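S.K.:
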Amino acid sequence: MRDTSNLSPRMHVHIRAFDDTPSHQFLVEEVFEGCITGTAVTGPLAGEYGEPDIELVLRVLSPDNTGGSQGTA
1 MRDTSNLSPR MHVHIRAFDD TPSHQFLVEE VFEGCITGTA VTGPLAGEYG EPDIELVLRV
61 LSPDNTGGSQ GTA
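Take the sequence shown: its letter number 7 is residue 7 in the numbering used here, and every next letter is one higher.
Right, dumping it as structure tokens:
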């Protein structure tokens, strides 16, 4: 995701695979310059808190918890 300026809390995003972790959905709690914080929604880390680098965000899945789409990669 090149433009991360539109990221905000409560957004669901798709995180790309990294290390031994497959790609997964992530619920954003806070947005910082170099990372986001929040909770993994799917995958082996579901329910776990994390602080992935902002470069790992592939796309926004929904602007909030209503499930509306924000486009594709």
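Note that the Cβ used here is the ideal one computed from N, Cα and C, for glycine as well.
As the structure is a computational prediction, the values presented were derived from the model and not from experiment.
Can you list, in chain order, the residues of its chain whose CB lies under 8 Å from that of T66, leaving out five sequence neighbours each side?
M.R.: Interpretation of T66 is limited by its pLDDT of 49, a score under 50 that renders its predicted location unreliable; no figure is taken from the coordinates.
S.K.: I need the DSSP call for E55, collapsed to helix, strand or coil.
M.R.: Helix, per DSSP.
S.K.: Taking C-beta to C-beta, are H12 and L58 nearer than 8 Å?
M.R.: Going by C-beta atoms, H12 is not nearer than 8 Å to L58.
S.K.: Using a Cβ-Cβ cutoff of less than 6 Å, which residues in the same chain neighbour T37 once the five nearest sequence positions on both sides are dropped?
M.R.: Same-chain partners within the cutoff: E29, E30 and E51.
S.K.: Using a Cβ-Cβ cut-off of 6 Å (strictly less than) and excluding sequence neighbours within five positions of G43, which residues of its own chain qualify?
M.R.: Result list for G43: P22 and H24, in chain order.
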